[in-house]
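Note sheet for the following structure.
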Amino acid sequence: MTNRIKKSIAHTISKHEVPIASFLTVGYPSIKLFPDILDGVIEGGSDIIELGIPFSDPLAEGPTIQKTSNQALNNGINLEKVLTIAEKTRKSYPNLPIVLMGYINPFLKYGLENLIPILNTIDIDGLIIPDLPFEESETINNLIGSSNISLIPLISPTSPDKRIQQSAQSANSFIYCVSISGVTGARSNIPEYLPKLVQRIRLSTNTHILVGFGISNKKQIDQIKTFADGVVVGSALLDCISKSSPSNAASNAKKFIQNLKS
């Protein structure tokens, strides 16, 4: 099967649009509302969906995603339920690239040797593990084997050149370029050093580069598209949802993505 992520990014770029990967904390603001919000974000034009697995100690996350994670955990969400929701999403959207994003602890607790075959069965396209040491990525890639699951590396402003080369060369769908050294959270401007960081990554790979952490508005996306291939939007989308009434959350999430794509 063709790598859905690569295919989706290439197709969107061919239309002279900016690919957007949308991050949602699964089960936020409630288990009941989440499917409608997910539908809204997809209908709004998201090219890739990142299903965020809530975790009690998300080290890389700012206040928004910490809050949504805590709420989702209080709602009873765990990895098992995330997998059930991912399976339903795949049945509803057979061509949609679906990525699971979560911290290593829940995966280890579940058992990687148990998890990877299930992800294959569900037909998940990618895995993002923010706190995975690079040295451990080989273990997961060996379990993934020849399946269509991509282990998506994160490269940050503090990554040394050798680590950038190693991470970039292992990527086969896209590289998640972390725009800042701090935690996630919506910001109004992009850092001045970001184009050079993307340029450093490009020296090691032809794989698409998506920029995340702090992406919140169309102006930023218009700047980023001049040097990177796409963006990841998370905190700003979740802020939009958290400010919405239950009856408007799905439609507001849809409009939020539509505005970024316009």
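Each residue of the sequence shown is one higher than the last, beginning at 136 in the working numbering. Note that beta-carbon positions come from the ideal geometry of N, C-alpha and C, so glycine has one too.
Are residue i and residue j close, meaning C-beta to C-beta below 7 Å?
{"i": "Asp260", "j": "Ile239", "result": "no"}
{"i": "Pro154", "j": "Gly365", "result": "yes"}
{"i": "Phe158", "j": "Gly187", "result": "yes"}
{"i": "Ile344", "j": "Cys312", "result": "yes"}
{"i": "Thr147", "j": "Asp182", "result": "yes"}
{"i": "Leu278", "j": "Ile299", "result": "no"}
{"i": "Leu332", "j": "Pro295", "result": "no"}
{"i": "Leu262", "j": "Leu235", "result": "yes"}
{"i": "Ala388", "j": "Ile253", "result": "no"}
Leaving out five residues before and five after residue i in sequence, what residues of the same chain have Cβ atoms less than 6 Å from its Cβ?
{"i": "Leu329", "result": "Ser314"}
{"i": "Ser302", "result": "Pro288, Ile290"}
{"i": "Gly162", "result": "Phe169, Ala207, Asn210, Ile212"}
{"i": "Asn307", "result": "Ser285"}
{"i": "Ala363", "result": "Val333, Ile344, Val346"}
{"i": "Lys390", "result": "none"}
{"i": "Arg139", "result": "Pro232, Asp260"}
{"i": "Gly280", "result": "none"}
{"i": "Glu273", "result": "none"}
{"i": "Asp358", "result": "Going by the sequence as given, residue 358 is Gln instead of Asp. Closer than 6 Å at Cβ, skipping near neighbours: Ile325."}
Please go through the same chain and pick out, in chain order, the residues whose beta-carbon is closer than 7 Å to the beta-carbon of residue i, but skip the five residues on each side of it.
{"i": "Gly320", "result": "The predicted position of Gly320 is uncertain, since its pLDDT is 48 and thus under 50; a value taken from the coordinates is nonetheless stated next. So the list reads Gly197, Pro198, Thr199, Gly349, Ser370, once near-sequence residues are dropped."}
{"i": "Phe190", "result": "Ser204, Gly237, Tyr238, Asn240, Pro241"}
{"i": "Pro326", "result": "Ser314, Ile315"}
{"i": "Phe269", "result": "Arg298, Gln301, Ser302"}
{"i": "Ser386", "result": "Gly175"}
{"i": "Ser282", "result": "Asn255"}
{"i": "Glu178", "result": "Lys389"}
{"i": "Ile144", "result": "Pro154, Asp182, Phe309, His343, Asp364, Gly365"}
{"i": "Ile336", "result": "Ile290, Ile299, Ala303, Ile310, Cys312, Ile344"}
{"i": "Ser379", "result": "Asn387"}
{"i": "Lys167", "result": "none"}
Can you tell which of the options has its C-alpha closest to the C-alpha of residue i?
{"i": "Ile184", "options": "Lys360, Ala221, Leu332", "result": "Ala221"}
{"i": "Val176", "options": "Glu215, Ile376, Ser380, Pro381", "result": "Ile376"}
{"i": "Ala156", "options": "Thr274, Ser149, Lys141", "result": "Lys141"}
{"i": "Lys354", "options": "Gln334, Lys226, Asn324", "result": "Asn324"}
{"i": "Leu338", "options": "Gln304, Leu247, Pro232, Ser379", "result": "Gln304"}
{"i": "Ile257", "options": "Lys226, Asn276, Arg139", "result": "Lys226"}
{"i": "Tyr245", "options": "Thr160, Asn138, Val217", "result": "Val217"}
{"i": "Thr160", "options": "Leu372, Ser379, Lys378, Asn383", "result": "Leu372"}
Assuming residue i and residue j are in contact, meaning their beta carbons sit under 8 Å apart, how far apart are those beta carbons, in whole angstroms?
{"i": "Asn255", "j": "Ile284", "result": "7 Å"}
{"i": "Phe309", "j": "Thr342", "result": "6 Å"}
{"i": "Glu215", "j": "Lys396", "result": "In fact, because the Cβ distance is near 33 Å, the residues do not count as touching under 8 Å."}
{"i": "Ile233", "j": "Thr224", "result": "6 Å"}
{"i": "Leu231", "j": "Ile275", "result": "So it is not a contact: roughly 23 Å between Cβ atoms."}
Enumerate in chain order the residues of its own chain whose CB-to-CB distance from residue i is below 8 Å, with the five nearest sequence positions on each side excluded.
{"i": "Ser165", "result": "Asn210, Pro381"}
{"i": "Val368", "result": "Ile155, Ala156, Ser157, Phe158, Gly347, Ile350, Ser351, Ile392, Leu395"}
{"i": "Thr340", "result": "Ala303, Gln304, Ala306, Ile310"}
The ligand GDP heavy atoms versus the CB of residue i: any closer than 6 Å?
{"i": "Ile344", "result": "Because no ligand of any kind appears in the structure shown, any question about the ligand GDP cannot be addressed here."}
Problem - Sequence ranges, beta strand (DSSP E) only - wholly within the stretch 155-216, length at least 3 - result: As far as the stretch 155-216 is concerned, its whole beta strand (DSSP E) runs of at least 3 residues are 155-160, 183-187.
Subject >> alpha helix (DSSP H) segments (min. 4 residues) lying fully within the stretch 297-382 >> reply: Correct list: 329-337, 353-359, 370-377.
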